[in-house]
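Have a look at the structure below, then the notes.
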Amino acid sequence: MRDEPTGEQLLETARNLLREEVLPALPPERKHAALMIANAMAIAMRQLKNGEEAARNECKALETLLSRTAQGEPAGGEALRGQLKSLNRDLASAIRTGRADEGSWREAAHRHLLDAARVKLMESNPKYLGGQG
Amino acid sequence: MNEQMRSALEAFIRREAGADRVSIAEAKLLSGGSIQENWFIQAEVAGGAFAPELKLVVRTDAPSGVSGSHCRAEEFALIKAAHAAGVTVPEPLWLCRDASLIGKQFFVMRFVGGVAASHVVVRDAKLGGDRRALLERLGAELGRIHSIRPPRDDLAFLPSPGSSPALQNIARLRRFLDAHRSPQPALEWGLRWLEVNAPERGEVALCHRDFRTGNYMVDESGLTAILDWEFAGWGDPLEDVGWFCARCWRFGQPGEAGGIGAREDFYRGYAKATGRRLEDENIHYWEVMAHLNWAAIALQQAERHLSGEETSLMLALTGHIVPELEYEILTMTEAN
Numbered sequence: 001m002r003d004e005p006t007g008e009q010l011l012e013t014a015r016n017l018l019r020e021e022v023l024p025a026l027p028p029e030r031k032h033a034a035l036m037i038a039n040a041m042a043i044a045m046r047q048l049k050n051g052e053e054a055a056r057n058e059c060k061a062l063e064t065l066l067s068r069t070a071q072g073e074p075a076g077g078e079a080l081r082g083q084l085k086s087l088n089r090d091l092a093s094a095i096r097t098g099r100a101d102e103g104s105w106r107e108a109a110h111r112h113l114l115d116a117a118r119v120k121l122m123e124s125n126p127k128y129l130g131g132q133g
Numbered sequence: 134m135n136e137q138m139r140s141a142l143e144a145f146i147r148r149e150a151g152a153d154r155v156s157i158a159e160a161k162l163l164s165g166g167s168i169q170e171n172w173f174i175q176a177e178v179a180g181g182a183f184a185p186e187l188k189l190v191v192r193t194d195a196p197s198g199v200s201g202s203h204c205r206a207e208e209f210a211l212i213k214a215a216h217a218a219g220v221t222v223p224e225p226l227w228l229c230r231d232a233s234l235i236g237k238q239f240f241v242m243r244f245v246g247g248v249a250a251s252h253v254v255v256r257d258a259k260l261g262g263d264r265r266a267l268l269e270r271l272g273a274e275l276g277r278i279h280s281i282r283p284p285r286d287d288l289a290f291l292p293s294p295g296s297s298p299a300l301q302n303i304a305r306l307r308r309f310l311d312a313h314r315s316p317q318p319a320l321e322w323g324l325r326w327l328e329v330n331a332p333e334r335g336e337v338a339l340c341h342r343d344f345r346t347g348n349y350m351v352d353e354s355g356l357t358a359i360l361d362w363e364f365a366g367w368g369d370p371l372e373d374v375g376w377f378c379a380r381c382w383r384f385g386q387p388g389e390a391g392g393i394g395a396r397e398d399f400y401r402g403y404a405k406a407t408g409r410r411l412e413d414e415n416i417h418y419w420e421v422m423a424h425l426n427w428a429a430i431a432l433q434q435a436e437r438h439l440s441g442e443e444t445s446l447m448l449a450l451t452g453h454i455v456p457e458l459e460y461e462i463l464t465m466t467e468a469n
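Protein chains in written order, with the numbering used here: chain L, 1 to 133; chain A, 134 to 469.
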């Protein structure tokens, strides 16, 4: 077992130091770079905090949407990414060939895609959803 | 600027300006333009029509090009065509096709002052003069760009728009997704919606293809120039209207026209210049298209970072804009 502070905690502390002490000391033309770094650290923090749970949920939702027999609890890491990629490829191709043009599957697919986009958005830029309700 | 480039440019300007003597007093590399280099040049000119002083911008090809952008000779032809159509652009002066002069092709235009940076323009209401007048002016400028119609011998390098500019765009975006490293079902959803709802082929005109806040310059009194012509081509004029008004180019501001004000002002300027009234329902389609186009560009930028072609945090973070675009696309296309 790793000792604390965890990677996530280290990122948070480092980000605060960057924003509170380093950023104000920078000349104006370098501030944008520091803000980009702080933004990248915030995205990485949110991803670390969420772990692989969102990916597992997306996998299960895709299996239901595409009527696949569940392959059991998906493995983690690269295997999980691979499985997600393959399921999303099938969804993409079903949409392109018109399966989501109408009916209840259209609604289900739209709901799924919106959920998946929201989950990514909550990691990439949560303020965006805050402003839109 | 090294001595060799300086003296080559002085000789070039002297010849083109019909001057007796030209001496570059100041030369500096301007920021911006990830695709090409822009040099500001102040030159003392003796003799000829351009004496005694010229303020110029020299625009060169840069080492790393972005796919789909025009070379300098083509961009020069586009700016000349826009200038002749009454569009506010820096006056294009001379093109140098001979790459041996400074190591690459370049063209020269008159320097125009102003601010383009989107985050400054949307927040500083002193810039651009009266905002309603600015939007009306921008609408009129876009209308004048769209008065340029095919066929044109001077623009013969532009690909034909085909039978449907909308479907052609969709096919191009699908080819891009097919070659991309990961599947993008939300973008596929948007593309299918665009396919099912594609408009009849309408008028075909010169589209700027990057007409948005950030790509025009203003000063305290108003508009000074429409910039960034490297993606222009034949297409449906509404594509430019949708790009300008799309939420993804409002920079977090409430104004639906480019983040700086109301659509009606922009539309009114466009109608005055063209006689064509813009209807909101036609524009919605092209705003969805705008989000798809920007999403593809954002994926492409992130890929440049991921592939190691150009390691950059800016490019990496551009990939993280895609979820916002997906969310907008899905919200805009809920009804079929």
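Quick reminder that beta carbons are idealized off the backbone N, C-alpha and C, glycines included.
These figures come from a predicted structure and were not determined experimentally.
Item	Value
Closer than 8 Å at the beta carbon, the chain L residues around serine 315(A)	Lys85 and Asn88
contact_flag[the stretch 58 to 71 of chain L, the stretch 287 to 300 of chain A] where n(CB pairs < 8 Å) is 3 or more	no
Chain L contact for glycine 198(A) (CB, 9 Å cutoff)	Interpretation of glycine 198(A) is limited by its pLDDT of 48, a score under 50 that renders its predicted location unreliable; no figure is taken from the coordinates.
Completely contained alpha helix (DSSP H) runs for the stretch 385 to 426 of chain A, where each covers 4 or more residues	396 to 407
Simplified DSSP state of glycine 366(A), which is helix, strand or coil	strand
C-alpha distance - glutamate 397(A) paired with aspartate 352(A), whole-angstrom precision	23 Å
Per DSSP, the bridge partner or partners of arginine 192(A)	Asn171(A) and Phe240(A)
Straight-line Cα distance separating threonine 357(A) from lysine 405(A)	20 Å
Cβ contact check for the stretch 421 to 428 of chain A and the stretch 81 to 90 of chain L: 3 or more pairs under 8 Å	no
9 Å Cβ cutoff, glycine 98(L) in contact with chain A	yes
Proximal residues, the stretch 433 to 451 of chain A versus chain L, C-beta separation under 8 Å	Leu446, Met447, Ala449 and Leu450
Contacts that lysine 120(L) makes with chain A (C-beta to C-beta distance below 7 Å)	Pro456
Valine 248(A) - partner residues in DSSP beta bridges	Val351(A)
For serine 86(L), three-class secondary structure by DSSP	helix
Contacting residues, own chain, Cβ-Cβ under 6 Å from lysine 213(A) (five flanking each side not counted)	Pro225
Minimum Cβ-Cβ distance from glutamate 157(L) to chain A less than 9 Å	Lying before the first or after the last residue shown, residue 157(L) is absent from chain L, which here runs from 1 to 133.
Bounding residues of the alpha helix (DSSP H) (the contiguous stretch that carries proline 456(A))	455 to 465
Inter-residue CB distance, threonine 407(A) and glutamine 434(A) (contact presumed, cutoff 8 Å)	At roughly 33 Å, the Cβ-Cβ gap does not stay under 8 Å, so threonine 407(A) and glutamine 434(A) are not in contact.
Coil, strand or helix - alanine 319(A) by DSSP	helix
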